[in-house]
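Chains as they are written, first to last, in my numbering: chain A, 788 to 884; chain B, 17 to 234.
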Amino acid sequence: MKKLFLSIFLFTGALVQNVQLLAQEPQSEFVPVTEIPASEQLPSAPLVIAAYAFVWLAFAVYVWMMWRKLGKVEQELGALSAQISKPRTARSDGIRP
Amino acid sequence: MRKAFVPLLAVAGFIFMTAPILVTRAPYESTMGLVQKIFYFHMPPAMLMLLSAIFCGIISAIELIRKRPVYDWIAYAAAELTVLYGALAMVTGPLWARKAWGVWWVWDPRLTMSLLLWMVFVSYLLLRRYGGPGSETLAAGLAVFGMATSPFVYLSVNIWRTIHPLTTVVPTLPVDFALPLWYAFTGFLLLYIALMTLRVRIEEQRALVDQLYLESEE
């Protein structure tokens, strides 16, 4: 039942939209203009802001990635150094590694 | 040089935050208007991409002769930064072109050659990552070829017919345009040096890790 109501609702909506479109006056001629209307012009500000924002974003992501990479490598280095120094300490105590 | 990373990053960050003030105060260009202000964030990374490619090529050539790991670390860092700065130029350029030329991209000699140069360095990084043992020598050869391409990228606007602004634009800039440009350029350059020190340090530490692994196996 719900499906039936939904179908009728959608069909009626599409029909109303179609009627509205057909009610518009058709364009009888094309009128030339030398300048595009201001509302149609591509605004520059979003492009400038996008360029500036992209520079910041790219650098922020790169620095963050490198910082993480360095952290991981230093952590690995610390763990390895500790692992290697342990047997050496043991050896100096007279215990075989 | 390692200690210089944080101050360099701080100064570069300050320049990036204050550059829009100078950029906003700079006059509008007569034909392009507001969108020309992308120039201040497009030309510095584009120029540094070329300089970085040349630097990477020179260091790689030295590496091929002397075979010292430090040259390899610097060349790898320079290649990565060439790709990063190239990506900045490749994104900011089309944003500017969309308004100035009416298209995002055109297969113009300058644009096409810049893309090719960028792809050479992307292939350098791919080679280093997936190439296995000995890839550093092959990559060094590739970097030398990349370096050889750089002058053609710069001169392409003078040699071939193009819609890209010519190389005469920057040297003849009025002071009002030149001041924000070189201020932004300084920021990009300082950041380049800071990122280079960080990247070289990572490679140095990585080499140490490899050495320790070998020692632990022995």
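Ideal Cβ positions, reconstructed from N, Cα and C, are used throughout, including at glycine.
Quantities reported herein were computed from a predicted structural model and do not represent experimental measurements.
(request) Might you give, ordered along the chain, the residues of its own chain that have their beta carbon closer than 7 Å to the beta carbon of A116(B), omitting 5 neighbours on each side? (result) The answer, listed in chain order, is M48 and V51.
(message) Less than 9 Å between CB atoms is the rule here; does I78(B) satisfy it with respect to chain A?
(response) no
(message) Taking 9 Å as the threshold (C-beta atoms), are L228(B) and L857(A) in contact?
(response) no
(message) Less than 9 Å between CB atoms is the rule here; does M214(B) satisfy it with respect to chain A?
(response) The amino acid at residue 214(B) is misidentified as Met; the sequence shows Leu. True, the Cβ-Cβ gap to chain A drops below 9 Å.
(request) Identify the continuous alpha helix (DSSP H) that holds M788(A) and give its terminal residues. (result) M788(A) -> no alpha helix (DSSP H), and no H or E assigned at all.
(request) Would you list, in chain order, the members of the stretch 94-122 of chain B that have their beta-carbon closer than 8 Å to a beta-carbon of chain A? (result) L100, A103, L104, V107, T108, L111, W112, R114 and K115
(message) Looking at chain A, is there any beta carbon in it that lies within less than 9 Å of the beta carbon of P61(B)?
(response) It does; some Cβ of chain A falls within 9 Å.
(request) Decide if T188(B) is buried, meaning its Cβ has at least 16 other Cβ atoms within 10 Å, or exposed. (result) Its Cβ having fewer than 16 others within 10 Å, T188(B) is exposed.
(request) For G49(B), write down the residues that DSSP places opposite it in a beta bridge. (result) E45(B)
(request) Taking only beta-carbon positions, decide if G150(B) is within less than 9 Å of chain A. (result) So no, G150(B) is outside the interface.
(request) For K856(A), return the contacting residues in chain B, with the cut-off set at a CB-CB distance below 7 Å. (result) Residues of chain B whose Cβ lies closer than 7 Å to the Cβ of K856(A) are, in chain order, I218.
(request) Could you check which residue in F71(B), T213(B), P190(B) and E219(B) has the C-alpha nearest to that of A42(B)? (result) P190(B)
(request) Tell me whether G73(B) is buried or exposed, calling it buried when 16 or more other Cβ atoms sit within 10 Å of its Cβ. (result) buried
(request) Run down chain B in chain order and give the residues with a C-beta less than 8 Å from the C-beta of W843(A). (result) F32
(message) Can you give me the C-alpha to C-alpha distance between P196(B) and A35(B), rounded to a whole angstrom?
(response) 7 Å
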